[in-house]
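First to last, the protein sequences are chains A and B.
Numbered as in my numbering, the first sequence ends at 900 without a single skipped number.
Numbered as in my numbering, the second sequence ends at 313 without a single skipped number.
Ideal Cβ placement from N, Cα and C applies to all residues, glycine included.
Read the structure below first, then the notes.
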Amino acid sequence: MKGYLAFLKKEIYEYAKTYKLLIMLSVFAIFGITNPLMAKLLPEILESLMTDGIVITLPEPTAYDAWTQFFKNATQMGLIVMAILFSGVLSSELSKGTLINLLTKGLSRTAVILSKYTCMALVWTASIALCFGLTYVYTLYLFPKDETSNLMFSAFCLWQFGLFLLAVLLFSAALTKSSYGCLLITGIFIVACMIFNIIPSAHKYNPISLASDNMGLIMNSVKASSIYGAVLVSFILSLIFVLLSVIIFKKKQL
Amino acid sequence: MGILEVKQLYKRFGNREVLKGLDMDVPEHSIFGFVGKNGAGKTTTMKIILGLLKPDSGSVTVCGEEVRYGETKTNRNIGFLPDIPEFYGYMNPREYLMLCGEITGLPKEKIKSKSAELLELVGLKDEKRKIGGFSRGMKQRLGIAQALLNEPKLLICDEPTSALDPIGRKEILDILLAAKGNTTIVFSTHILSDVERICDRIAVLHDGKLALCGTISEIKKRRRHNGFIIEFENENEAILFENAKELKQPSISLSRDGNTVSVFLQDHEMDGNFLLNMLSQMHFLPLKFEVMEPTLESMFLEAVR
Numbered sequence: 647m648k649g650y651l652a653f654l655k656k657e658i659y660e661y662a663k664t665y666k667l668l669i670m671l672s673v674f675a676i677f678g679i680t681n682p683l684m685a686k687l688l689p690e691i692l693e694s695l696m697t698d699g700i701v702i703t704l705p706e707p708t709a710y711d712a713w714t715q716f717f718k719n720a721t722q723m724g725l726i727v728m729a730i731l732f733s734g735v736l737s738s739e740l741s742k743g744t745l746i747n748l749l750t751k752g753l754s755r756t757a758v759i760l761s762k763y764t765c766m767a768l769v770w771t772a773s774i775a776l777c778f779g780l781t782y783v784y785t786l787y788l789f790p791k792d793e794t795s796n797l798m799f800s801a802f803c804l805w806q807f808g809l810f811l812l813a814v815l816l817f818s819a820a821l822t823k824s825s826y827g828c829l830l831i832t833g834i835f836i837v838a839c840m841i842f843n844i845i846p847s848a849h850k851y852n853p854i855s856l857a858s859d860n861m862g863l864i865m866n867s868v869k870a871s872s873i874y875g876a877v878l879v880s881f882i883l884s885l886i887f888v889l890l891s892v893i894i895f896k897k898k899q900l
Numbered sequence: 009m010g011i012l013e014v015k016q017l018y019k020r021f022g023n024r025e026v027l028k029g030l031d032m033d034v035p036e037h038s039i040f041g042f043v044g045k046n047g048a049g050k051t052t053t054m055k056i057i058l059g060l061l062k063p064d065s066g067s068v069t070v071c072g073e074e075v076r077y078g079e080t081k082t083n084r085n086i087g088f089l090p091d092i093p094e095f096y097g098y099m100n101p102r103e104y105l106m107l108c109g110e111i112t113g114l115p116k117e118k119i120k121s122k123s124a125e126l127l128e129l130v131g132l133k134d135e136k137r138k139i140g141g142f143s144r145g146m147k148q149r150l151g152i153a154q155a156l157l158n159e160p161k162l163l164i165c166d167e168p169t170s171a172l173d174p175i176g177r178k179e180i181l182d183i184l185l186a187a188k189g190n191t192t193i194v195f196s197t198h199i200l201s202d203v204e205r206i207c208d209r210i211a212v213l214h215d216g217k218l219a220l221c222g223t224i225s226e227i228k229k230r231r232r233h234n235g236f237i238i239e240f241e242n243e244n245e246a247i248l249f250e251n252a253k254e255l256k257q258p259s260i261s262l263s264r265d266g267n268t269v270s271v272f273l274q275d276h277e278m279d280g281n282f283l284l285n286m287l288s289q290m291h292f293l294p295l296k297f298e299v300m301e302p303t304l305e306s307m308f309l310e311a312v313r
């Protein structure tokens, strides 16, 4: 426990000092601000570009457009940035040998994995909360009248998916020695989830639904209860992956 | 009982068998020089002792406790200095020692006083820079400081002096000597003069086993040849001595270089007195009469042949 807390402190310090935290927060902050703004301005930008002959009628932008931007940016660019930033979570320490010193001081390998996961989860939580908060406030300001449903739950699903992705990332990092290997395995895993999604009955339990059904939830075309299975499955899978990472890392020859 | 006992250690990497039944016993309060060629398995042995590598068979006990691979319990008694110590470049030495201390579970006050004391010892007291800007030698010194932080009973150093300049090397050796009072030091190297300077025991690792092991004086005594170097005033005396008929025996080998004659007596009945008697009979007064000491280098070369 002592080792876990000390190492967690070091991890947080490291993210702050190596600008990783700053990059994550600023990327998500930029998304947070631009999401509603883009939704509001896009029709006007298009209009100004139109020549006289062509007439396209665009619907008035709504809060839905802002949230579409939010979920699109966060699930695509956001998660990719996160995966790349965190892909060196173990490999950089192992290749440089910085971890050896601490392990020979009596730090347990379990504590290493758990504190690394905790720290990644904290950074992700802070980033997505910041992005969500900014989008929320701005949307309220730009589209005060529009109502959305299941907004909190939909954001929760995205957050949960991020935690799941981090668990997969950690597991891949424990399996391989390089950060590229780690990204590759994570990518393969996500693609596998997408392919798996083709089976209609699997959709209900597939973690990927947490990152693809968000708009459906908000527009009420997808019922919240239909996602519960996926929430549970991704939670359990996350636990399993973290556990597997611990087991694999314990067996690793350093 | 030794503070570190290694029994019948075997380890292979792929097809290459690195350790083939290594036995080693390190008594308390010694400085143990662990010598071997590059790639002989020194680092592998150390990593197994630290539980970082899994041996194929055999056992290691530290302070009477068996080392288990993947667990780090026995490491509380050990301080380790890796061959190329790497630290988090964004920290300064104090912050790093604080992290190490917290992991070991020392109380905060104790970490502070101990790190101040150790940084003083290794000469990094006034260093406010981040570790990222440190030279190799400074990192090596910080490495020793972090290894000594938890007052280990056993300090393991993996080639602490290689790749350092002569002054840096001397300083590191002095620091190790200073640490000797409180701890047992096992230190691997292939620089024999370092061993000679500070170690009281030596073990030579060759072909996966210890080829030579014991205190340095003991080994030297065991390996001492009956070799003598006699230097004469002029070449004539040397030639006369060399051709004396008492020395024309199969058990005596002679060689002359100018006015210096080297004599090897293989017969155990004979010793230096025999030569001294001869010299007085011939009324020669040599400029120098020297008993040949085996050098560590010659012993090492013999051991790994």
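DSSP state of residue i mapped onto helix, strand, coil
i	result
B:Thr169	coil
A:Gln722	helix
B:Cys221	strand
A:Asp711	helix
A:Leu900	coil
B:Ala211	strand
B:Lys178	helix
B:Tyr18	strand
B:Phe88	strand
B:Lys133	coil
B:Leu262	strand
B:Gly189	coil
A:Ile845	coil
B:Phe292	coil
B:Met278	coil
B:Leu43	In the sequence as displayed, the identity of residue 43 of chain B is Val instead of Leu. Residue state, collapsed to three classes: strand.
A:Val758	helix
B:Asp202	helix
A:Val877	helix
Straight-line gap, residue i to residue j (C-alpha atoms, nearest Å)
i	j	result
A:Gly808	B:Glu79	31 Å
A:Ala709	A:Met728	26 Å
A:Leu667	A:Ser825	18 Å
B:Ser373	B:Ala153	Within the shown structure, residues of chain B are numbered from 9 to 313, placing residue 373 of chain B beyond reach of any answer.
A:Val888	A:Ile831	15 Å
B:Leu132	B:Ala155	15 Å
B:Leu36	B:Thr197	Note on residue identity: the sequence assigns Glu, not Leu, to residue 36 of chain B. Roughly 20 Å between the two C-alpha positions.
A:Met634	A:Tyr851	Lying outside 647 to 900, the shown extent of chain A, residue 634 of chain A is not represented and no answer is given.
B:Arg264	B:Asp279	19 Å
B:Gly22	B:Asn267	56 Å
A:Thr785	B:Val130	59 Å
B:Glu239	B:Asp173	37 Å
B:Leu185	A:Leu654	36 Å
A:Ile834	A:Lys762	22 Å
A:Leu890	A:Ala775	28 Å
A:Phe717	A:Ile691	22 Å
A:Leu745	A:Glu739	6 Å
B:Arg177	A:Val837	54 Å
B:Leu304	B:Glu167	18 Å
Outcome for residue i when other beta-carbon atoms lying within 10 angstroms are tallied against a minimum of 16
i	result
A:Arg755	buried
B:Gly59	buried
A:Ile854	buried
B:Ala171	exposed
B:Ser317	The question about residue 317 of chain B has no answer, for chain B in this structure spans 9 to 313.
A:Ala662	exposed
B:Lys50	buried
B:Asn251	exposed
Of the residues the options, the one placed nearest residue i, counting alpha carbons only
i	options	result
A:Lys648	B:Glu110, B:Phe195, B:Leu61, B:Gln148	B:Glu110
B:Ser259	B:Asp265, B:Lys19, B:Val271, B:Leu114	B:Val271
A:Met766	A:Leu811, A:Met723, A:Glu690	A:Leu811
A:Val673	A:Thr697, A:Gln722, A:Gly743	A:Gln722
A:Leu589	A:Lys897, A:Leu856, A:Gly779, A:Ser891	It is not possible to answer for residue 589 of chain A, since the shown part of chain A is limited to 647 through 900.
B:Leu334	B:Gly10, B:Arg20, B:Gly29, B:Glu13	The question about residue 334 of chain B has no answer here: the residues shown for chain B are numbered 9 through 313.
B:Ile86	B:Phe292, B:Thr303, B:Asn190	B:Asn190
B:Ala26	B:Asn46, B:Val299, B:Leu127	It is worth fixing the name first, because residue 26 of chain B is Val in this sequence and not Ala. Ranking B:Asn46, B:Val299, B:Leu127 by Cα distance to B:Val26 puts B:Asn46 first.
Under 9 Å from the C-beta of residue i: neighbouring residues of chain A
i	result
B:Leu61	Gln899, Leu900
Cross-chain neighbours of residue i in chain B, by beta carbon under 7 Å
i	result
A:Lys656	Leu107
A:Gly649	Ile111
A:Ser754	Thr80
Contacts that residue i makes with chain B (C-beta to C-beta distance below 8 Å)
i	result
A:Thr664	Tyr98
A:Phe732	By Cβ distance, chain B contributes nothing, its closest Cβ being about 17 Å from A:Phe732, past 8 Å.
A:Ala652	Leu107, Glu110, Ile111
Amino acids of chain A, ordered along the chain, whose beta-carbon sits closer than 8 Å to that of residue i
i	result
B:Asn285	Ordered by position in chain A, no residue passes the 8 Å Cβ test against B:Asn285, which lies about 60 Å from the chain.
**Message:** Against chain E, which members of the segment 42-59 of chain B pass a CB distance test of less than 9 Å?
**Reply:** Among the chains of the structure shown, chain E does not appear; the protein chains present are A and B.
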